[in-house]
Amino acid sequence: MPPTDPRFFTQDWTITLPSHPHLRFTRAHPGNHDAWLDVASHPDNNKPPGWPSQDLNWNDERKAKTTARFLEKWTGFQDKRNGFDVLVLNAADGKILGNGQAHEVRPLQGNIGIELMADARGRGVGKALFMVLLRLSNELDVSGLKVSAGTMKANVAMRRLAKGFGLVETEEVIDIPGRGVVAEVCWNDIEKEKWMDLEWVVEFTELVSV
């Protein structure tokens, strides 16, 4: 299925959901990468559930490597039009609540992931972000793309969220070279097309990425 609007790659954008008017979803890019990194490197997210064996201490070297990887992904997303990084904010004060990704991780295989600050959890932010990412996955310029998501068994909140969406969970260990085990349970072949009718409002603006 072709992308419905190429402006998602050529411009900056902000998304609002009538069902969650207190939230704003914006495109993460090199110009606002610091906000994205603040979520990833915050102590709240240093030890995700079920990952006790992984070194998630954020020193300057790790931050530099993560920034370089983000910029590399950004360039790839622009060239191939196969991915987005997204920030979710409090609409009232602009506070960053979390981030998410919808992107092609290998040929014809897409992945959705979310990461929230501790004070944003349990408030419906993850649910709203997941809905936006499912809808955005339809904008990726990859015909035949299949979408999945995964987490660790100990991440009860994410598993509960996925169950609420009617997704079927399977046990599947995902081990990525250089990163280790990133998932123990997965939700495969998510029907992203069902989310084409998500009620949202998108405002496009000139892209300032540096």
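Under the numbering used here, the very last position in the sequence shown is 611; numbers go up by exactly one each time. In this text, a Cβ means the ideal position worked out from N, Cα and C, and glycines have one as well. Computed from a predicted model, the values in this text were never measured in an experiment.
The DSSP assignment places complete beta strand (DSSP E) segments of no fewer than 3 residues inside the stretch 420 to 486 at 421 to 428, in order along the chain. By the Cβ neighbour-count rule, R470 is exposed, with fewer than 16 other Cβ atoms within 10 Å of its own.
Taken in chain order, the complete alpha helix (DSSP H) segments of 4 or more residues contained in the stretch 556 to 585 are 557 to 565. With a threshold of 16 other beta carbon atoms within 10 Å, K554 falls short and is exposed.
Inter-residue distance for V533 and Q502 is about 10 Å (C-alpha atoms, whole angstroms). Under DSSP, W596 shares a beta bridge with no residue.
A521: not part of any alpha helix (DSSP H); DSSP gives it neither H nor E.
Counting only residues of its own chain and dropping the five nearest sequence neighbours on each side, W414 has a CB closer than 8 Å to the CB of R408, T427, R428, V603, E604, F605 and T606. Here the alpha carbon of W601 sits roughly 19 Å from the alpha carbon of I513.
Beta-bridge annotation (DSSP): F605 is paired with W414. Going by C-alpha positions, V609 is about 17 Å away from I416. In the three-state reduction of the DSSP assignment, L534 falls in the helix class. Exclusion of the five residues before and after M518 leaves V440, H443, D445, N446, I497, L498 and G499 as the residues of its chain whose Cβ lies within less than 8 Å of its Cβ. The three-state reading of DSSP puts K496 in coil, since its state is none of H, G, I, E or B.
Per the coordinates, the alpha-carbon of V583 lies some 15 Å from the alpha-carbon of R507. A residue is called buried once 16 or more other Cβ atoms fall within 10 Å of its Cβ, and R425 is buried on that count. Contact check for H504 against F478 passes: the beta carbons are separated by less than 9 Å.
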